[in-house]
Each structure stands twice: as C-alpha cells, then as structure tokens.
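Below is one structure, written out as structure tokens; comments come after it.
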Amino acid sequence: MKRSPASFRKLIDKKFSLLVRERDGWTCVLCGESYRPVLSAGHLFSRGADSTRFDPLNVFCQCGACNGYHEINPHIFTLWFIRQFSLEAYEALNVKHRTLAHYKAPDLVEILGAIEERKSPYSIVAVWYKPDPFITRLVRAGERLKREEAALEIRKHGLESRLSHIKNSASVV
Ligand SMILES: [Zn+2]
Numbered sequence: 011m012k013r014s015p016a017s018f019r020k021l022i023d024k025k026f027s028l029l030v031r032e033r034d035g036w037t038c039v040l041c042g043e044s045y046r047p048v049l050s051a052g053h054l055f056s057r058g059a060d061s062t063r064f065d066p067l068n069v070f071c072q073c074g075a076c077n078g079y080h081e082i083n084p085h086i087f088t089l090w091f092i093r094q095f096s097l098e099a100y101e102a103l104n105v106k107h108r109t110l111a112h113y114k115a116p117d118l119v120e121i122l123g124a125i126e127e128r129k130s131p132y133s134i135v136a137v138w139y140k141p142d143p144f145i146t147r148l149v150r151a152g153e154r155l156k157r158e159e160a161a162l163e164i165r166k167h168g169l170e171s172r173l174s175h176i177k178n179s180a181s182v183v
C-alpha cells in the first residue's frame with residue numbers, strides 16, 4: 011500500500027509519541043503525573059514545523075493538562091527546558107524550528123525506520139527526563155486550575171468538532 015506523506019506523518023507521530031513516553035518513564039516532565047491514559051508527547055516548539063516535529067529534543071512526555079496549557083502559556087515548559095539543558099540548547103532548537111523544512115516521502119520513510127529501529131537520534135530510550143522539582147512546585151502552586159480549564163476547553167472543542175462532523179455526515183444521507 012502506498013502511503014501519502016500526510017498519513018506517514020500521522021504514523022510517525024504515533025510511534026514517536028510512544029518512544030518519547032517510554033523514554034521519559036511515563037511521567038509528565040512538568041507536573042510528575044504518571045497516569046498513563048492522560049499522557050502524550052508534548053512539543054516545545056509547535057508540531058507544525060517539520061524541522062523540529064520529530065526531534066527528540068523538542069518533544070517530552072506530558073499530561074493532557076500541561077500539554078493544553080502550553081498553548082496558552084509556554085513559559086513553564088520553556089523554563090523546564092532551559093533548566094534541563096541550557097539557554098544555548100534552547101536557542102539552537104529555536105533556530106532549528108525556524109529553519110524551513112518539508113519532509114518528502116523518502117525522508118519520512120527514513121525517519122520511520124530510525125524510530126522503529128531506535129537508531130540515532132532515536133536511540134535514547136535509556137535517557138529519562140525527569141520532572142524538575144522547582145518546575146513541579148511552580149505548576150502545583152498556581153497553575154493547576156488554569157491547566158485543567160485549558161484541558162477541558164480543548165476536550166470541549168474536540169467534542170464540538172466531532173459533533174459537527176456527525177451532523178454534517180447525517181445531513182448528507
Ligand atoms: Zn503535567
């Protein structure tokens with residue numbers, strides 16, 4: 011079966027997300043949440059850019075609330091990253107993110123293969139990015155409610171678009 015680049019991206023997203031969650035010990039790097047059903051892979055710089063979409067240094071295990079809240083306030087995740095790595099690493103990632111890249115089918119095949127075989131830069135399952143107590147305290151102190159509101163808002167939006175999809179397909183019949 012021949013895959014379109016879009017369906018390839020989705021497949022890679024899925025496998026990459028699993029790799030990231032495994033790498034990070036199934037724990038949200040920001041708040042320490044470890045309830046698996048709410049964990050996903052959160053991008054520091056948005057998934058929209060191919061240049062950093064599958065970069066393991068741009069994606070970390072996050073709970074739904076922290077992931078949703080990042081859309082509204084990227085400050086906490088940014089701080090976590092800089093404390094975990096360095097300001098230089100953050101700036102390098104930022105530059106990479108802003109560099110235009112558009113993966114074509116052969117690139118995507120290569121990335122998928124590297125993820126499946128845990129080849130560099132995906133041979134990092136032994137690394138385990140832990141929550142940073144300073145950041146976790148920050149999250150718990152003042153941000154929990156806002157994060158939960160953001161997660162609810164996102165879930166509501168998802169339900170609404172699913173509902174309108176159902177309505178649309180019903181009106182076609
Ligand atoms: Zn979290």
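Those letters in the sequence shown? Residues 11 to 183, per our numbering, in order.
Where is the CB? At the ideal position from N, CA and C, for every residue including glycine.
Quick one: Cα of residue 105 to Cα of residue 56, how far?
For the purposes of this step, residue 105 is taken as the residue at position 95 of the sequence shown. For the purposes of this step, residue 56 is taken as the residue at position 46 of the sequence shown. Taking the straight line from one Cα to the other gives about 13 Å.
From the DSSP output, in three-state form, read off residue 95 for me.
Locating residue 95 in the sequence shown gives position 85, counting from the first residue. The answer is coil: DSSP assigns residue 95 none of H, G, I, E or B.
Does the Cβ-Cβ distance between residue 140 and residue 39 come in under 9 Å?
For the purposes of this step, residue 140 is identified with residue 130 of the sequence shown, where counting begins at 1. For the purposes of this step, residue 39 is identified with residue 29 of the sequence shown, where counting begins at 1. Cβ atoms of residue 140 and residue 39: closer than 9 Å.
Going by beta carbon distance, what residues of the same chain come within less than 7 Å of residue 80, once the five residues before and after it are set aside?
Your numbering for residue 80 matches position 70 in the sequence shown. Contacts found: 52 and 87.
Please go through the same chain and pick out, in chain order, the residues whose beta-carbon is closer than 8 Å to the beta-carbon of residue 65, but skip the five residues on each side of it.
For the purposes of this step, residue 65 is identified with residue 55 of the sequence shown, where counting begins at 1. For residue 65, where only same-chain residues beyond five positions count, the Cβ hits under 8 Å are 103, 106 and 131.
Cβ pair residue 23, residue 71 closer than 9 Å:
Stepping through the sequence shown from its first residue, residue 23 is reached at position 13. Stepping through the sequence shown from its first residue, residue 71 is reached at position 61. Not in contact: residue 23 and residue 71 (Cβ atoms no closer than 9 Å).
Near ligand 1, which residues have their beta-carbon less than 6 Å from any of its heavy atoms, given in chain order?
38, 40, 41, 43, 72, 73, 75 and 76
Assign residue 168 to one of three DSSP states: helix, strand, or coil.
To locate residue 168, count along the sequence shown from 1; it is residue 158. In the structure shown, residue 168 sits in a helix (DSSP, three-state: H, G or I).
Residue 91 versus residue 42 - alpha carbon distance:
As a working mapping, residue 91 is identified with position 81 in the sequence shown. As a working mapping, residue 42 is identified with position 32 in the sequence shown. C-alpha separation (whole angstroms): 15 Å.
Backbone CA spacing between residue 63 and residue 176 [nearest angstrom]:
Here residue 63 refers to the residue found at position 53 when the sequence shown is read from its first residue. Here residue 176 refers to the residue found at position 166 when the sequence shown is read from its first residue. Using only the alpha carbons, I get a separation of about 30 Å.
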